[in-house]
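Some notes on the structure that comes next.
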Amino acid sequence: MMRMRSLAGALIGLMLAMGGGHSQDFGMVMFNDSIDLTNSYVAQSAMASVANANAKANARRPGSTAGKKALRTLGFRRDPAVSAKVKARFRSQLVQSNPAQAAIVDAALKADWLKGYGAEIARPNGLDARNLADAYTAYLVASWALVNNVETLSARSIKAVRDTMRAAMIADPKISRMTDGQKQEAAEDLIYNTVLVMANRIHISKSGDESLQRSAAKNYSDLFQKQGIDLAALTLTEGGFVRR
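Taking this note's numbering, the leading residue of the sequence shown gets -11, the next gets one more, and so forth.
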């Protein structure tokens, strides 16, 4: 079983105290009001279909565990120039949404969020840090957990969502036409925002502030509602998402 709090703590420790070994958070909740999930490079429809799917149907879906050749459609080689572009854009978005906290944002972004994500979120939970569908999976599951105030998740549940997401995106012809740079850019956008969700989650958990939890839940719920996904209406089972 994976505890959201301990996982987030380990990651935020990497981000804000590299080498210090102490779990930290931003000291506040921050939102990125500028994230664009309708980016033409990403499979918005795949995320909606996975989130609104029936777990039993997912389990019966042929090819839910994609082969290596198919998975290459979702993978990418990392270009440092693309990573720098994504990081700069994320920094700009976060400061625009939280203008009084620019110094805190800059201090946090001195650490390697992509490395922390790979070591503390992706690999321990069976996700590939260089796979577009897996980046979607991490962001979707982390956001669902925040909206529903859930701290404990099973690795099997995450794997079920991952497999369904991979199958949905492999079947999308738009994905096969994407360049490595386009896949990397879309995935790293999601990765930075996944880290942000988890930083918010650990701060809320530490503070015990129920009004802050409700405010954060509404923010992420509203964001996904715009994409036709009602996170509050979903339950995450070992077979994936099901409607309550």
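For each residue, glycine too, the CB sits at the ideal point set by N, CA and C. Given the structure is predicted, the values throughout are model-derived calculations rather than measurements.
Taking the alpha carbon of residue 112 as the reference point, which residue from 135, 144, 81 and 128 has its own alpha carbon closest?
When only C-alpha atoms are compared, the closest one is 144.
Under the three-state reduction of DSSP, which class applies to residue 119: helix, strand or coil?
Strand at residue 119.
Quick one: what does DSSP say residue 138 is sitting in, helix, strand or coil?
The answer is coil: DSSP assigns residue 138 none of H, G, I, E or B.
On the three-pair Cβ rule with 8 Å, is the stretch 165 to 183 touching the stretch 114 to 124?
Flag = yes, the stretch 165 to 183 and the stretch 114 to 124 touch.
Please identify the residue among 98, 117 and 100 whose C-alpha is closest to the C-alpha of residue 106.
The residue with the shortest Cα to Cα distance from residue 106 is 117.
Could you pull the DSSP bridge partners for residue 252 from this structure?
Any property of residue 252 remains undetermined from this structure, which presents the chain solely from -11 to 232.
Please check the pair residue 148 and residue 226, which I expect to be a contact at CB under 8 Å, by giving their CB distance rounded to whole angstroms.
Residue 148 to residue 226, Cβ: 6 Å. Contact.
Quick one: does the C-beta of residue 216 sit closer than 6 Å to a heavy atom of the ligand ATP?
As presented, the structure is devoid of all ligands, the ligand ATP included, so that no description of it is given.
On the premise that residue 135 lies in contact with residue 219, defined as a C-beta separation below 8 Å, what is that separation, rounded to the nearest angstrom?
Indeed, because the Cβ distance is near 4 Å, the residues count as touching under 8 Å.
Write down the C-beta distance between residue 201 and residue 119 rounded to the nearest angstrom, noting that I regard them as a contact closer than 8 Å.
Going by Cβ atoms, the distance from residue 201 to residue 119 rounds to 31 Å, so no, they are not a contact pair.
Just how far apart, CA to CA, sit residue 231 and residue 115?
Distance between the alpha carbons of residue 231 and residue 115 is about 24 Å.
Among all the DSSP beta bridges, which residues are the ones paired with residue 63?
Note: residue 63 sits in a beta bridge opposite 119.
Smallest Cα separation from residue 140: which of 81, 67 and 189?
Closest by alpha carbon: 189.
Nearest by alpha-carbon distance to residue 99: which of 180, 157 and 191 is it?
Cα-wise, what sits closest to residue 99 is 180.
If you draw a straight line from the C-alpha of residue 108 to the C-alpha of residue 64, how long is it?
Looking at the two C-alpha atoms, the distance is approximately 20 Å.
With 16 other CB atoms within 10 Å as the buried threshold, where does residue 131 fall?
So residue 131 ends up on the buried side.
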